[in-house]
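Trainee:
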Amino acid sequence: MSILEQEKFYLDIIEKHIQNGVVFLTSHGVVIDPQVEIGKGTQILPGTILKGNTKIGENCVIGPNSMITDCTLGDNVVFNSSQGAQSTVADGAKIGPFTQLRPDSHIEKNVKIGDFVEVKNSTIGEGTSIAHLTYIGDSDVGKHVNFGCGVVTVNYDGESKNRTTIGDYAFIGCNTNLIAPVKVGNGAYTAAGSTITKDVGDCDLAIARAKQENKTGWAKKKLDKYIEKHSK
203 MSILEQEKFY
213 LDIIEKHIQN
223 GVVFLTSHGV
233 VIDPQVEIGK
243 GTQILPGTIL
253 KGNTKIGENC
263 VIGPNSMITD
273 CTLGDNVVFN
283 SSQGAQSTVA
293 DGAKIGPFTQ
303 LRPDSHIEKN
313 VKIGDFVEVK
323 NSTIGEGTSI
333 AHLTYIGDSD
343 VGKHVNFGCG
353 VVTVNYDGES
363 KNRTTIGDYA
373 FIGCNTNLIA
383 PVKVGNGAYT
393 AAGSTITKDV
403 GDCDLAIARA
413 KQENKTGWAK
423 KKLDKYIEKH
433 SK
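Heads up: the sequence shown begins at 203 in our numbering, then just goes up one per residue.
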């Protein structure tokens, strides 16, 4: 198939979706496989690639610059500048920008997943927020959980993959490492900067970090040498 034939092929697919009530601002950079299903009122923004057996519900906003492969998205989903493969996203979820959903990710209703978040082989419960700079792998996360920046579920020990379980309404502090297998209970908190290796009970606060010690004046000699060096 020539380039012109390919272009006409994909333009015909886009025209079919327009006739079914899908909104396109432009066809530039948009590639949709023939078996893809898109609901009425959904907007497809520039640079969007929809592959395989992808199914998208009604009144979604997909793109710009997103690639979705073999995924099922519900209604009113926003999928902004992100990638997803072999995963499901329920109604009202907001994904991106710069999110990666790896295979077997299941995102429930009204979840918010933000920039530079990767989810793999995990279920994220309804209303949970994972705002930025976080890796969730091989995990079962409850509803209305809040993840701080820089959280990692540490799922691989060099030999095998293990799962992390997080209960409903938990609060996972910034830069927490959850060393699987581990469970965090309903309503539990982890303090920022903690490395959690033991289960955390319901409504408990887990603190796993070294106690801060300030050595008075320790940096003074270094600072003096630095100033002297750069003042010459």
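From the three backbone atoms N, C-alpha and C, an ideal C-beta is built for every residue, glycine too.
(1) In terms of residues, what are the limits of the beta strand (DSSP E) holding D342?
(2) With 16 other CB atoms within 10 Å as the buried threshold, where does T418 fall?
(3) Ordered along the chain, which non-local residues of its own chain (more than five positions away) have a Cβ less than 6 Å from that of G316?
(4) Anyone know if the C-beta pair for S307 and S324 falls short of 9 Å?
(5) Flag this pair as yes or no: are the beta carbons of A394 and C405 separated by less than 9 Å?
(6) Can you list, in chain order, the residues of its chain with a C-beta nearer than 6 Å to that of Q288? Leave out the 5 residues immediately preceding and following it.
(7) Report the rounded CA-to-CA distance for K210 versus V232, giving the unit in angstroms.
(8) Taking the alpha-carbon positions, what's the A372 to V354 distance?
(9) For a quick check, are the C-beta atoms of K345 and T367 less than 9 Å apart?
(10) Going by DSSP, name the residue or residues bridged to E320.
(11) Can you grab the Cα-Cα spacing for the pair V402 / R365, in whole Å?
Mentor: From the atom records:
(1) For the purposes of this step, residue 342 is taken as the residue at position 140 of the sequence shown. Looking at the DSSP string, the run of the beta strand (DSSP E) that includes D342 is S341 to V343.
(2) Along the sequence shown, read from residue 1 onward, the residue named residue 418 stands at position 216. Under this definition T418 is an exposed residue.
(3) The residue you call residue 316 lines up with position 114 of the sequence shown. Here the set comprises A333 and H334.
(4) Taking the first residue of the sequence shown as position 1, residue 307 is located at position 105. Taking the first residue of the sequence shown as position 1, residue 324 is located at position 122. Yes, they are a contact pair.
(5) Translated into positions along the sequence shown, residue 394 becomes position 192. Translated into positions along the sequence shown, residue 405 becomes position 203. Contact: no.
(6) Within the sequence shown, the letter at position 86 stands for residue 288. The answer, listed in chain order, is D272 and P305.
(7) As a position in the sequence shown, residue 210 is number 8, starting the count at 1. As a position in the sequence shown, residue 232 is number 30, starting the count at 1. Taking the straight line joining both Cα atoms gives about 12 Å.
(8) Indexing the sequence shown from 1 puts residue 372 at position 170. Indexing the sequence shown from 1 puts residue 354 at position 152. Rounded to whole angstroms, A372 to V354 spans 15 Å at the Cα level.
(9) Residue mapping note: residue 345 aligns to position 143 of the sequence shown, counting from 1. Residue mapping note: residue 367 aligns to position 165 of the sequence shown, counting from 1. Judged by their CB atoms, K345 and T367 are not nearer to each other than the 9 Å cut-off.
(10) As a first step, residue 320 is located in the sequence shown; it is residue number 118 there, counting from the start. Note: E320 sits in a beta bridge opposite Q302 and Y337.
(11) Counted from its first residue, the sequence shown places residue 402 at position 200. Counted from its first residue, the sequence shown places residue 365 at position 163. About 15 Å.
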